[in-house]
Every structure is written in structure tokens, then in C-alpha cells.
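There are 2 protein chains.
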Amino acid sequence: MINKNELKYIQSFAHKKHWAEESVFIIEGPKMMEELMASNFVIRQAYATKEWIETQPYKPHYVTEVADFELDKLTQLQKANQVIALVEKKQIKGPIQLKGKMTLVLDGIQDPGNLGTIIRTADWFGLDQIVVSADTASCYNPKVVQSTMGSILRVDVVVADLPEFIQSAKMPIYGAVLEGKSIQTTVLAKEGILIIGNESKGIRPPILSLITDPITIPKYGNAESLNAAVATGIILSNWQH
Amino acid sequence: MINKNELKYIQSFAHKKHWAEESVFIIEGPKMMEELMASNFVIRQAYATKEWIETQPYKPHYVTEVADFELDKLTQLQKANQVIALVEKKQIKGPIQLKGKMTLVLDGIQDPGNLGTIIRTADWFGLDQIVVSADTASCYNPKVVQSTMGSILRVDVVVADLPEFIQSAKMPIYGAVLEGKSIQTTVLAKEGILIIGNESKGIRPPILSLITDPITIPKYGNAESLNAAVATGIILSNWQH
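As C-alpha cells, then:
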């Protein structure tokens, strides 16, 4: 059973003002819930149907049982999926650690689905952090959270002043551009920064000028550009090669 | 000026029943229009604002000038973008030609955005045809058309009985699966078939058994799977390598 205030509170996560400002974000579905319970994120509250609770060895203290019709009112998905949890956003403290790894930098990725797919792709290739410009879509947008398919629980997304951050990094700064060195003949260093730009404008000039190693995915056909998530996947695949 | 019947007709393309059955599909925006005019597709009718017409050397015979408020009523985009055209669907005749090229096969791709991105990615890597199962999203879904960013005009999408089609192909049948030969150590033949499966179920059993060369994108992190369009891009990038 859920009370009116809780219902209103969770429904308000459909609005940007709310999910941007709250200290918690929402995850939905048994698969995401399983990964959440295995992570070190703090679950503030969860609402689950009897069906979900019965799959657990015991009912966790933070779970309130709700009826199917109640979950239908709470969900932001097209179809409610057994469980909804309110999770505390991670507080990332101190300077960003760059040693010995590749850090992905996103300059103005606007589309929530694209951002979610990029986070998931970064996770596949073993990256554990992404640094984003303030105008990149928020990783707490419910659409982003869902499209990461759980990777949001493993990859830290940090908002930073990109020029300042990039200038302080003493390592190769790779940038995906239309005219650079072919990724097929470039061996990417294990430690570095990889910048992916906005879907239509690419990497913006102040950041473009900080790139030490412009790289390109060779084109064999006629499409004008590649989707940002696809480009990220191809470059990270070459990096891990 | 546009009359009521035309208005109703174009608005009806918002509904699947309509865009699936009509012999025309809709494209929008000056960029897509430019590529359309350079293609061999037949434009049955177009509606454009004065702003767009003034960018042209002359007003094409198929263009009706409309006011901004009229275009706003016609558009399927969030914001109307100067021009909307009704384009005749291509009739693809005769058997599918497989000689000397890679043909992409999609087994049940459901998400329109994913399908559009896959078509665009195939175009980037020089593929000119994709064969899809009947339950794959329609390439004439307005969301798919827009997300191809013009590639729908260059890549043929053919619906076929996949098991029958694949069985008739005498060439390597590559399939993207979770446990196959690493694409990093596999040299893909220039001529072949590449099968990409459904977003959550992968390639289905009757088709799985027809794969001669199962291939895998090695995983270095913890994501459970890669997005279908990202996987397609990584494999095609390796194929062109």
C-alpha cells in the first residue's frame, strides 16, 4: 500500500525540475533492481509487487509491497515492471582520477537515448568514468537511466568545466572528428582522454583546440556522419584491440 | 495554400496503419530534401515554406508553397522544418544480389531509432542493402526515416523470409552472438552475410542454426550486452579494416 504523498512524489520524477534537483533517482524493473542490490548504491525506498517479492530470499527492509494497479501509477515506463526504487545519487568527491585508464569526455550530447547507450558502451569496454559538459543530458534523466541497462550503476558520470579539465590532463587527448588520423592505423594509448562531440555540431571550437590526437573513423559509403554512440563503440573497440 | 483533404491525408501518416499501407512515405527538412532531390526516388508532392523555396534555383513542379502555420500542422517532428515531401516507396524487384558485397540481415529489430541508426551505419560503411525479418520495425516508420538522416535514400531495405533467404546464400554467414570467435582476430570475408539479432533476445534459434561463423565483440567491462546499432558499427568497422 502506498500513500498519496509518496505517489505524488514519485510521479513528480517525470518532470525534469524534479529529477534534476532531488538527491535520489529512479530505477525500474527486476533486472536493474538485481544489479542495484549488488552495487554499493544506497536504496532509500522501493515499491514492488508481490510477484517480485516472492522471487527474493526475504523482503528487504526498504521495500513496500504495492498492488499492480499502484505500480502502474508510479511507473515512467510504458508498462510497469514489478519494482521501482529510489536510489541516492552518488557523491563523487575529489579530483577525477585519470591514471592508467581511458576517460571518455562528452561535449554536449543532447539525446537521452544516445547518452544512455554511450554509458552502456563505455561499461562494455571497461571504462569506469565519463566526464560531461554541463549541457550534456543529465545521467539522472529517467530515460537515460533505463537506456544504460544498469551501467549507470557502474560508470561514474561527472559534470565538469571541460576546457579546464582537459587542460589539466597530461596525456593524449583524442577527439573524434571528421578529418583526423584513421583509427585503423592509430594505436590508442592505454591512458588518455577520448572526446566525443554533439550529435550535429561535433566537438565545439574551444575544446577542439585542446585535442592532441584528432582521430577519424574512415567512411566507405555516403552517410554524412555516424551516430555518437556508434562512433564511441567503434573507437573504444579499437582502443581495446 | 493546402486544402483540407491534403492536410488530413498527410496527418494520417502519424498512424502506423497508414504509413505501412500507403505507396508513399514522408521525409522532412531541407537536408533530407536536398538528398532526396539528388536521388532517383520519385517525389509525388512536397509542401514547403517561402523560406525553403527561396533557397532553390527555381520552384520544382511538385512543390506547393505553404505558410509556416500550415507546415506546423503537417509535421511529424517536434518542430516543423521548412519542407515535407511525399516520396514513392521503392519497388525492389527480382532476387537479392549478394555477389561481391556484405549484406546485413536484421532479425527482429524492434526499436525504430535503432533501425534508423543501423541503416545510417550501414550506409557509412558502404553497404547498399539490408534484409530484414517481417517483424523488424518498418523502414517507412517516420521515426526510422528521420533517424537514418538520409541513408534510407541510399540503402535498400528488403523484407524477406530469413531462414529461406539465408539458406539460399552460398557464402559465409556471420552472426553477432555472445559466444563466438573474437572479431579482433577474425578477418571477415568481403562477400558475406552479417546477422544482427533482436535487442533483448538476440538471434532466434531457427536462424542461429544457419550461422557458419559466429562472431563476438569481446567484453572488457560489465555491461550485459551492446546496443544493436553499436554492435553493427563495430563489426562493419572491423570488416572494412
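Quick note, the sequences are listed as chains A and B, same order. Position 12 of the first sequence, counted from 1, bears residue number 64 in my numbering, the numbering being contiguous throughout. Position 177 of the second sequence, counted from 1, bears residue number 229 in my numbering, the numbering being contiguous throughout. Ideal Cβ positions, reconstructed from N, Cα and C, are used throughout, including at glycine.
When 7 angstroms is used as the limit between beta carbons, N274/A is near these residues of chain B: D175 and R206, in chain order. From the listed residues R172/B, A90/B, V210/B and L179/B, the smallest Cα separation to W291/B is found for L179/B.
When DSSP reads this structure, A100/B sits in a beta bridge with E117/B and V135/B. Listed along the chain, the chain B residues whose CB falls inside 9 angstroms of the CB of A281/A are T169, N279, A281, V282 and G285. Between the alpha carbons of F77/A and K68/A lies a gap of roughly 11 angstroms.
Closer than 8 angstroms to the CB of S185/A there is not a single CB belonging to chain B. A contact is defined here as three or more CB-CB pairs under 8 angstroms, and the segment 152 to 169 of chain B fails this definition with respect to the segment 100 to 119 of chain B. Taking a beta-carbon distance threshold of 8 angstroms, H293/A counts as an interface residue toward chain B. Under the DSSP assignment, P194/B falls in the alpha helix (DSSP H) whose first and last residues are P194 to S199. For a Cβ distance threshold of 7 angstroms, residue set G165 of chain A lies close to G165/B, ordered along the chain.
Taking the C-beta atoms as reference points, S203/A is found nearer than 8 angstroms to I171/A.
8 angstroms or more divides the Cβ of I286/A from the Cβ of L246/A. Contact annotation for G249/B against chain A: no contact, minimum CB-CB distance about 16 angstroms [criterion: below 7 angstroms].
Boundaries of the alpha helix (DSSP H) around K56/B: K56 to Q63. When the alpha-carbon of R206/A is set against those of V196/A, Q134/A and L88/A, the nearest one is in L88/A. Judged by DSSP in its simplified three-state form, S190/A adopts coil rather than helix or strand. By the rule that beta-carbons nearer than 8 angstroms mark a contact, M201/B touches chain A. The beta-carbon of L214/B is placed no less than 8 angstroms from the nearest beta-carbon of chain A. Within the segment 233 to 266 of chain A, the residues whose Cβ lies closer than 7 angstroms to any Cβ of chain B are, in chain order, Q236. Between the C-alpha atoms of V229/A and L129/B there is a straight-line separation of about 28 angstroms. About 6 angstroms separates the beta carbon of A283/B from that of I269/B, a gap short enough to meet the 8 angstroms contact definition. Listed by position along chain A, the residues whose Cβ is nearer than 7 angstroms to that of I269/B are S289. The shortest C-alpha to C-alpha distance from T188/B to any of F93/B, A280/B, M53/B and S289/B is the one to A280/B. Between the C-alpha atoms of L138/B and A241/A there is a straight-line separation of about 49 angstroms.
A check of alpha carbon separations from Y99/A across M223/A, L126/A, A212/A and I182/A identifies L126/A as the nearest.
The residue among L158/B, H70/B and V196/B with its C-alpha nearest the C-alpha of R256/B is L158/B. The beta carbon of G178/B sits closer than 8 angstroms to some beta carbon of chain A.
Our two residues, W176/A and Y272/B, have alpha carbons roughly 6 angstroms apart in a direct line. With a minimum length of 3 residues, the unbroken runs of beta strand (DSSP E) contained wholly in the segment 224 to 251 of chain B fall at 225 to 234 and 244 to 249.
A residue is called buried once 16 or more other Cβ atoms fall within 10 Å of its Cβ, and G227/B is buried on that count. Separation of E216/A and V94/A (C-alpha to C-alpha, rounded to the nearest whole angstrom) is 31 angstroms. Here N166/A is buried: its Cβ has 16 or more other Cβ atoms, across all protein chains shown, within 10 Å.
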